Amino acid sequence: MTASLPESTEVVVVGAGQSGLAASAHLTRQGIPHLVLEKADVADRWRHGRWDSLVANGPAWHDRFPDMEIPGVGPDEFATKDQMADYFAVFARRIDSPVRTGVEVRSVTRRDGAPGFLVKTDRGTIAAGSVIAATGPFQVPVAPGIIGEDLVPHQIHSADYRNPEQLPEGGVLVVGAGSSGAQIAEELRANGRRVHLSVGPHDRPPRSYRGRDFVWWLGVLGKWDATAPDSEHVTIAVSGARGGHTVEFRELADAGITLVGRTEPAADGRLRFAGDLERNIAAGDANLLGLLAEADAYCAANGLDLPEEPGAHLLGPMPACVTDPVRTLDPRAAGITSIIWATGYRQDFSWLQVDAFDETGRPAHERGVSTEPGIYFLGLPWLSRRGSSFIWGTWHDAMHVVDHIETRRRYARYSPDLPASPPRSKPAPRLLEEIAR
């Protein structure tokens, strides 16, 4: 995977994570010459960019490519981060993906006086007819910088968190109550730490209901195919840890975690929290109950004999820390010595120096096909639908993107002196058969 780079190829794929490997699989099946360039190693963020105890957020029957199961993991189990990294490494070898690791792409520019692009790397320049940006959604960690280190000296992003032992002794404020923040807070509390968890707006689906995982319910209810919402998408709190469980903030409070509202800028030597905690918890509850109601209606309408769970609809009282929330806090008096910012990521396409972005700087595309001919995107949230940033979702997006690349190649090869070959709007039957298996 560290062989020298050629001077040119038909397609350069930037990134050897799940999106880049999905693209490589479809390019290979279409017979399109390509290279996959990865600055680190295959699936490096799974192996080195996550905390030690992380597991996949979906069961193994769901969170995988359609044509390869996860070795050693049962269909209803949740693979560890290292099992996922191994899975992608094995997949890359299985499809004989032309991955070049240890190659950092520094810029992509359009060629002057010739079709295609110049891909400049730290190991040379490659001419390519098309470029697929498959660097994914988790590129640059985002922390708001609203609490000075003079107030709480040790502050890290969840991207840099590995285990409780790396933190100095004392209490921890975890900011962000999506899947990452909730799981990290649980782990810290189980380790004996005093934990404050800052809870913002979130969706809170059930891990399972009536014997089916929530990913199954999203599938049969058609929610994976939903297009991007008009409003800002809120984080999802659900966990694959401990065999998979619903994130219930009441239970976290019962376990000794102090829930607080959205974190605001510190002032006068004190941490400050918004008065939105009860509203955020209630909105998450409404999201959970709404999905349960939809699931019940689906069972009734379709005659599904799945065991009823009336207890799932019953919610306990709001904990005292929610009804009488902490609004300000002296971190020294509270013994808080660390902050973990589980506040998400932003994209960074500064290396992609082409006209492929809108006025806000976001990729301008339709289902991954950029407004700049020959440039494509994969792995972005809501690229074509809700499922796009998931492993199976990026697989199907990659199929669409590669089919578009093949159509452009057919147009480019056309000559009046050669027999015409009509553009193909659907994948080859052989590919469909392989995906269906």
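Start counting the sequence shown at 931; every next residue gets the next number (our numbering).
Just so it is clear, CB atoms sit at the ideal spot from N, CA and C, and this is done for glycine as well.
This structure is a prediction, so every number in the text was calculated from the model and none was measured.
Local Cβ density within 10 Å of residue i, reported as buried at 16 or more and exposed below that
i: ARG1123; result: buried
i: GLY1191; result: buried
i: GLY1078; result: exposed
i: SER1027; result: buried
i: LEU1245; result: exposed
i: ASP1016; result: buried
i: ARG1036; result: exposed
i: TYR1139; result: buried
i: ASN987; result: buried
i: GLY1002; result: exposed
i: ALA946; result: buried
i: SER1189; result: The identity of residue 1189 in the sequence shown is Leu, whereas the question assumes Ser. Buried.
i: THR1324; result: buried
i: ARG980; result: buried
i: PRO1074; result: exposed
i: VAL1070; result: exposed
i: GLY1205; result: exposed
i: ASN1387; result: Shown here, the chain extends from 931 to 1367; a query on residue 1387 therefore has no answer.
i: LEU984; result: buried
i: ASP1226; result: buried
i: PRO1240; result: exposed
i: ASP1042; result: exposed
i: ASP1160; result: exposed
i: ASP1278; result: exposed
i: VAL1033; result: buried
Presumed contact (8 Å Cβ cut-off) between residue i and residue j, rounded CB distance
i: GLN948; j: VAL1332; result: GLN948 to VAL1332, Cβ: 15 Å. No contact.
i: VAL1251; j: ALA1183; result: The amino acid at residue 1251 is misidentified as Val; the sequence shows Cys. Indeed, because the Cβ distance is near 6 Å, the residues count as touching under 8 Å.
i: ALA1107; j: ALA1167; result: 6 Å
i: ARG1316; j: TRP1154; result: 5 Å
i: PRO1067; j: TYR1275; result: 6 Å
i: LEU1081; j: VAL1102; result: Going by Cβ atoms, the distance from LEU1081 to VAL1102 rounds to 14 Å, so no, they are not a contact pair.
i: TRP1281; j: VAL1038; result: 6 Å
i: VAL1177; j: ALA1223; result: With a Cβ gap of about 19 Å, VAL1177 and ALA1223 do not count as contacting.
i: ALA888; j: VAL943; result: Here the chain has residues from 931 to 1367 only, and residue 888 is not among them.
i: VAL1299; j: ARG1040; result: With a Cβ gap of about 17 Å, VAL1299 and ARG1040 do not count as contacting.
8 Å Cβ cutoff met for residue i and residue j
i: VAL1164; j: LEU1127; result: no
i: ASP1260; j: ARG1200; result: yes
i: ALA1009; j: VAL972; result: no
i: SER1268; j: LEU1097; result: yes
i: VAL1125; j: ILE1187; result: yes
i: PRO1131; j: PHE1144; result: no
i: GLU940; j: HIS956; result: no
i: ILE1321; j: ARG994; result: yes
i: MET1248; j: GLU1194; result: no
i: ARG1134; j: GLY1214; result: yes
i: SER1319; j: GLY1304; result: no
i: ALA1057; j: SER938; result: yes
i: LEU935; j: THR1051; result: yes
i: ALA1196; j: ILE1076; result: yes
i: ASP982; j: ARG1092; result: yes
i: ARG977; j: MET998; result: no
i: ILE1266; j: GLY1059; result: no
i: GLY1141; j: LEU1236; result: yes
i: THR1258; j: ARG1202; result: yes
i: TRP1312; j: ALA1158; result: yes
i: ASP1327; j: SER1345; result: no
i: ARG1297; j: HIS1330; result: yes
Within-8 Å CB hit, residue i to chain B
i: ASP1026; result: The structure shown contains no chain B, having only a single protein chain.
Residue i: CB within 7 Å of a non-hydrogen atom of the ligand PLP
i: ARG1180; result: Inclusion of the ligand PLP in the displayed structure is not the case, the ligand content being empty and no account of it being possible.
Would you list, in sequence order, the uninterrupted alpha helix (DSSP H) runs of no fewer than 4 residues that lie entirely inside the segment 995-1050? 1011-1024
Is the segment 1045-1060 close to the segment 1290-1300, with three or more CB pairs under 8 Å? no
Stretch pair the segment 1322-1338 + the segment 998-1007: three plus CB contacts closer than 8 Å: no
Could you tell me which uninterrupted beta strand (DSSP E) segments, each at least 3 residues in length, are contained entirely in the segment 1043-1120, listed from first to last along the chain? 1047-1051, 1054-1063, 1084-1087, 1101-1105
Pairing CB atoms from the segment 1261-1281 with CB atoms from the segment 1082-1100, are three or more of them under 8 Å? yes
Could you check whether the segment 1021-1035 touches the segment 951-967, counting it as contact only if at least three pairs of C-beta atoms, one from each stretch, sit closer than 8 Å? yes
Unbroken stretches of the beta strand (DSSP E), 3 residues or longer, contained in the segment 1119-1183: 1125-1128
Suppose only complete runs of 3+ residues qualify. What are the beta strand (DSSP E) ranges in the segment 1190-1270, listed by chain order? 1193-1197, 1200-1203
Every unbroken beta strand (DSSP E) inside the segment 1284-1345 [3 residues or more]: 1305-1307
Going along the chain, which unbroken runs of the beta strand (DSSP E) with 3 or more residues stay wholly within the segment 948-1003? 964-968
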